[in-house]
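Q: Next up is a structure, given as structure tokens.
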Amino acid sequence: MKTKQKIFNTRMKKYLIITLCTLAIISCKSEKKDNGKINVVTTTSMITDLVKNIGGDYINLQGLMGSGVDPHLYKASEGDVSKLSEADIIFYNGLHLEGKLVEVFEKMAHQNKKTIALSDALDENTLIGSEFFASNYDPHIWFNVDYWKEATKYVVKQLSEALPEHQAVFKANGEAYLNKLEALKTRLNKIIQTLPEDQRVLVTAHDAFNYFGKSFGFEVVGLQGLSTATEAGVQDVQKMSDFIIDRKVKAIFIESSVPRRTIEAVKAAVNAKNHDVEIGGSLYSDALGNPDSIEGTYIGMFEYNVNTIVNALK
Ligand SMILES: [Zn+2]
């Protein structure tokens, strides 16, 4: 009887040790996995910058698209798919900006993943419509600072729901960032006021700046339409060169995420008609600058763009 009891005790001890070890491994694993943080994946560098400003050190943040990357043409790599499947929240622009990722997002939504389109923060009736674009709306919403403020509030809301224990921090970060955006708007308006109204004509490779034009009183003309997926034809280039000559436009602009050949073709067409037009510089349209530079932030990018535009058109 005593021996049986002994064997039973030893077995119990073994079970207990195994159970405790297993529990320890499980808890260690989950601690290592999220460190109390959640995994957040973002698409464009503008969205990555915004989410970083709100989430700070409380989230593991991974942005898929770096500087100079064109979201219209971007396809998910295998690495991206695994990042997305490990994400707790995915923030993307929506309105078909990330045209080739739509299927991946749909798949993620089927897996009950939280996929958040920042464009959902906006009232559709205030968006610029387009019958030629897949979503029927212009997706370049970040070029309206007021829309970006709405996107900021939306990110605060989503992160607060995911990590309620840190909601006070997200709220404070959001308020600080909203103040910075308001100050940015004031600075931009001051710079733009130095440019006479009839010189506020912005010619770029693709139609990324319609919201910018509407907000700041520029007439905006893009050669390639809302998406870079459609190439400009010879007729488009000729029409654009006539417009530039007719309106006495001093400078036209290339974009950091779009090949420069289309804008160079326009310059050549203007020159062929014995007129001159400068290439006024490279603007950041659908991607921010190098992450280590000032243009690697949304605020720095916007100031750089406006200074470049105003200096070249003056
Ligand atoms: Zn675009």
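Just so you know, we're using the numbering used here here: the sequence shown kicks off at 1 and counts up by one. A virtual CB, placed ideally from N, CA and C, is assigned to each residue, including glycine.
Measure the alpha-carbon distance for Ile-26 versus Glu-161 and round it to whole angstroms.
A: Interpretation of Ile-26 is limited by its pLDDT of 40, a score under 50 that renders its predicted location unreliable; the figure taken from the coordinates is listed afterwards. Each residue's Cα considered, the two are about 25 Å apart.
Q: Could you compute how far the alpha carbon of Leu-50 sits from the alpha carbon of Leu-178?
A: Answer to the nearest angstrom: the Cα atoms are 11 Å apart.
Q: Run through DSSP, which three-state label would Asn-93 get?
A: coil
Q: Please return the same chain residues whose Cβ sits closer than 7 Å to the Cβ of Lys-185, not counting the five positions on each side in sequence.
A: Val-145
Q: Would Phe-253 pass as a contact of Gly-280 if the rule is Cβ separation under 8 Å?
A: A contact, by the Cβ cut-off of 8 Å.
Q: From this set, Ile-38, Ala-176, Glu-182, which residue's C-alpha is nearest Leu-84's C-alpha?
A: Ile-38
Q: Measuring CA to CA, which of Ser-256, Val-270, Leu-61 is closest to Phe-243?
A: Val-270
Q: Please go through the region 54-135 and give each complete beta strand (DSSP E) segment of 3 or more residues, from N-terminal end onward.
A: 59-63, 89-92, 114-117
Q: Measure the alpha-carbon distance for Gln-158 versus Glu-78 and round it to whole angstroms.
A: 27 Å
Q: Tell me where the alpha helix (DSSP H) around Ala-208 begins and ends.
A: Careful: Ala-208 lies outside any alpha helix (DSSP H) and carries neither H nor E.
Q: Whose C-beta lies closer than 6 Å to the C-beta of Val-310 among residues of the same chain, with five residues either side of it excluded?
A: These residues qualify, in order along the chain: Ile-191, Leu-195.
Q: Taking only beta-carbon positions, decide if Ser-77 is within less than 8 Å of chain C.
A: The structure shown contains no chain C; it holds only a single protein chain.
Q: Could you check what DSSP says for Tyr-137 in three-state terms: helix, strand or coil?
A: strand
Q: Report back the beta-carbon spacing between Asn-93 and Pro-164 to the nearest angstrom; my notes put them in contact at under 8 Å.
A: Wrong, their Cβ atoms sit about 26 Å apart, outside the cutoff.
Q: Using three-state DSSP, classify Gly-222 as helix, strand or coil.
A: strand
Q: Would you mind sorting Ser-293 into buried or exposed? The rule is 16 or more other CB atoms within 10 Å of its CB.
A: exposed
Q: Please list, in chain order, all residues of the same chain as Ser-135 whose beta carbon is under 7 Å from its beta carbon, the five residues on each side excluded.
A: Leu-95, His-96
Q: Are the CB atoms of Ala-205 and Ile-263 nearer to each other than 8 Å?
A: With a cutoff of 8 Å on beta-carbon distance, Ala-205 and Ile-263 are scored as near each other.
Q: Where does Val-249 fall in DSSP's three states?
A: coil
Q: Give me, in chain order, the residues of the same chain whose beta-carbon lies closer than 8 Å to that of Ala-312; leave out the 5 immediate sequence neighbours on both sides.
A: Excluding sequence neighbours, Ala-312 sits near Lys-250, Ala-251, Phe-253, Glu-278, Gly-280, Gly-281.
Q: May I ask you to report which of helix, strand or coil DSSP gives Glu-278?
A: Note: Glu-278 maps to strand in three-state DSSP.
Q: Taking the alpha carbon of Asn-35 as the point to measure from, which residue in Val-41, Asn-53, Ile-59 has its own alpha carbon closest?
A: Ile-59
Q: Just to check my reading of the structure: Val-258 and Ser-285 have Cβ atoms closer than 8 Å, yes? What is that Cβ distance to the nearest angstrom?
A: 7 Å
Q: Nearest to Asn-53 by CA position, among Val-169, Gln-199, Ala-272, is which residue?
A: Val-169
Q: DSSP state of Thr-48, grouped into three classes?
A: Correct three-state label for Thr-48: helix.
Q: Looking at ligand 1, does it come within less than 7 Å of His-96, judged from the CB to the closest heavy atom?
A: no
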